[in-house]
């Protein structure tokens, strides 16, 4: 599935600054894409404890509820509790949260192909829950719709997402950065995105 | 996939004590099954940090390495960071570890359809890593082979495992307990299994 998605992809890599910043336009997601109309049936799952999950009746959040009428910074990563994600990717947003807020950003969101309870446990461990909203994409449907899935079975992870970031205004993608390899951390960090808003 | 596995299943439910202890014999796993020969190609992934994963070159552990010539207590559950698992299932083994060791058990193992980094984060949070060996079954292949998978998408988890426990000697299943529903905790706890060894 991941490999056929890969074949379908139209990958345009464009170096922006000194070869450091690369952005890709995928077949189904690019600058200009309206996430709300592109994926009206897709929902994410707000990170929460299991008990909160039960009391919420396992409610999910449609993309409209996340993006409509809002300025959103969102970044995706291969998995909770993996290396670059914990050590660099999340901190690069957490540590810049005041600067994002100063630019009028309504929410800074972290998403991964994990369930919302794992995302919650990880967010608590990183002490990042106050600054960043964490969402699970437990069945990968959000990342599949965006054509941002990748098979990371070799790293014992299975089907996950690329490492990416985006600036989204009222559902429309204004900036999109996708790392060439999920082990890299060149274009998807908070510092880079701050300079693009 | 989960539903076809369900159809294939031969489910025999047998009440043992006051309707409280129930054991099921599945099509592909039952008391007497030799796990090593039933699933020679299946491996689990020892829980570890991402950095340990990298330095181990993402090594996995074949079932033979886990069960051969050993007396093993193993229990499986729907997921790291879920309710019954964190609050009751793991503690029921952790708190009885001395009693299991006194019975000559070589290892007490917890397994779930999660990646090994999530399992490691959860084990650390539960302060259970010293007593219990945690393994991931990231692609579900172990539980598929045992026909113990269940679709828990309604709880935002996706394809996971039943809640179960077993006593395994040199690869052969001597005792097997599977909860009728993964939300239940009647037959798969450490106290029950202690009485069955």
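Protein chains in written order, with our numbering: chain W, 17 to 213; chain R, 17 to 213.
Built from N, CA and C at the ideal position, the CB exists for glycine as well.
Measuring only the C-alpha atoms, how far is residue i from residue j?
{"i": "residue 97 of chain W", "j": "residue 50 of chain R", "result": "34 Å"}
{"i": "residue 204 of chain W", "j": "residue 108 of chain R", "result": "43 Å"}
{"i": "residue 40 of chain W", "j": "residue 192 of chain W", "result": "Only weak support is given to the placement of residue 40 of chain W: the predicted model assigns it a pLDDT of 43, under 50, and the value that follows is read from those uncertain coordinates. C-alpha separation (whole angstroms): 8 Å."}
{"i": "residue 117 of chain W", "j": "residue 76 of chain W", "result": "25 Å"}
{"i": "residue 140 of chain W", "j": "residue 130 of chain R", "result": "18 Å"}
{"i": "residue 198 of chain R", "j": "residue 102 of chain R", "result": "13 Å"}
{"i": "residue 211 of chain W", "j": "residue 176 of chain R", "result": "41 Å"}
{"i": "residue 207 of chain R", "j": "residue 179 of chain R", "result": "15 Å"}
{"i": "residue 128 of chain W", "j": "residue 92 of chain W", "result": "6 Å"}
{"i": "residue 189 of chain W", "j": "residue 124 of chain W", "result": "14 Å"}
{"i": "residue 122 of chain W", "j": "residue 84 of chain W", "result": "11 Å"}
{"i": "residue 115 of chain W", "j": "residue 209 of chain W", "result": "11 Å"}
{"i": "residue 196 of chain R", "j": "residue 144 of chain W", "result": "38 Å"}
{"i": "residue 105 of chain W", "j": "residue 62 of chain R", "result": "25 Å"}
{"i": "residue 217 of chain R", "j": "residue 146 of chain R", "result": "Given that chain R is displayed from residue 17 to residue 213, the structure contains no residue 217 of chain R and the question cannot be resolved."}
{"i": "residue 181 of chain W", "j": "residue 138 of chain R", "result": "27 Å"}
{"i": "residue 82 of chain R", "j": "residue 166 of chain R", "result": "24 Å"}
Could you check whether residue j and residue i sit closer than 8 Å to each other, using their CB atoms as the reference points?
{"i": "residue 172 of chain R", "j": "residue 69 of chain W", "result": "yes"}
{"i": "residue 126 of chain W", "j": "residue 150 of chain W", "result": "yes"}
{"i": "residue 90 of chain R", "j": "residue 187 of chain R", "result": "no"}
{"i": "residue 136 of chain W", "j": "residue 64 of chain W", "result": "yes"}
{"i": "residue 94 of chain R", "j": "residue 162 of chain R", "result": "no"}
{"i": "residue 174 of chain W", "j": "residue 201 of chain R", "result": "no"}
{"i": "residue 47 of chain R", "j": "residue 164 of chain R", "result": "no"}
{"i": "residue 148 of chain W", "j": "residue 183 of chain W", "result": "no"}
{"i": "residue 185 of chain R", "j": "residue 110 of chain R", "result": "no"}
{"i": "residue 60 of chain W", "j": "residue 152 of chain W", "result": "yes"}
{"i": "residue 156 of chain R", "j": "residue 66 of chain W", "result": "no"}
{"i": "residue 194 of chain R", "j": "residue 134 of chain W", "result": "no"}
If you reduce the DSSP assignment to three classes, tell me which class residue i lands in.
{"i": "residue 124 of chain R", "result": "strand"}
{"i": "residue 83 of chain R", "result": "helix"}
{"i": "residue 195 of chain W", "result": "coil"}
{"i": "residue 201 of chain R", "result": "coil"}
{"i": "residue 56 of chain W", "result": "coil"}
{"i": "residue 70 of chain W", "result": "helix"}
{"i": "residue 213 of chain W", "result": "coil"}
{"i": "residue 161 of chain W", "result": "helix"}
{"i": "residue 207 of chain W", "result": "helix"}
{"i": "residue 181 of chain R", "result": "strand"}
{"i": "residue 116 of chain R", "result": "helix"}
{"i": "residue 61 of chain R", "result": "strand"}
{"i": "residue 175 of chain W", "result": "strand"}
{"i": "residue 145 of chain W", "result": "coil"}
{"i": "residue 41 of chain R", "result": "With a pLDDT of only 41 at residue 41 of chain R, under the threshold of 50, the placement of this residue in the model should not be trusted, and no figure is reported."}
{"i": "residue 14 of chain R", "result": "No statement about residue 14 of chain R is possible, as the shown extent of chain R runs from 17 to 213 and does not include it."}
{"i": "residue 92 of chain R", "result": "strand"}
{"i": "residue 214 of chain R", "result": "The first residue shown for chain R is 17 and the last is 213, placing residue 214 of chain R beyond what the model contains."}
Can you tell me whether residue i is buried or exposed? The criterion is at least 16 other CB atoms within 10 Å of its CB, across all chains shown.
{"i": "residue 170 of chain W", "result": "exposed"}
{"i": "residue 132 of chain W", "result": "buried"}
{"i": "residue 57 of chain R", "result": "exposed"}
{"i": "residue 120 of chain R", "result": "exposed"}
{"i": "residue 71 of chain R", "result": "exposed"}
{"i": "residue 160 of chain R", "result": "buried"}
{"i": "residue 73 of chain W", "result": "exposed"}
{"i": "residue 43 of chain R", "result": "Low local confidence applies: a pLDDT of 48 at residue 43 of chain R is under 50, so the model's placement there is unreliable, and no value is given."}
Along the stretch 167-182 of chain R, where does the CB come closer than 7 Å to a CB of chain W? Name the residues. 169, 170, 171, 172, 173, 174
Using a beta-carbon distance cut-off of less than 8 Å, what residues from the stretch 135-157 of chain R approach chain W? Cβ contacts with chain W: 136, 137, 138, 141, 152, 154, 155.
May I ask you to list, following chain order, the residues of the stretch 94-115 of chain R that have a beta carbon less than 9 Å from some beta carbon of chain W? If the cut-off is 9 Å between Cβ atoms, the stretch 94-115 of chain R has 95, 96, 97, 98, 99, 100, 101, 102, 103 near chain W.
If you measure beta-carbon to beta-carbon, which residues of the stretch 55-73 of chain W are closer than 9 Å to chain R? 61, 65, 66, 67, 69, 70
Listed in chain order, which residues of the stretch 188-213 of chain R have Cβ atoms closer than 7 Å to some Cβ of chain W? none
Near-chain R residues of the stretch 116-133 of chain W (beta-carbon distance less than 9 Å), N- to C-terminal order: 130, 131, 132, 133
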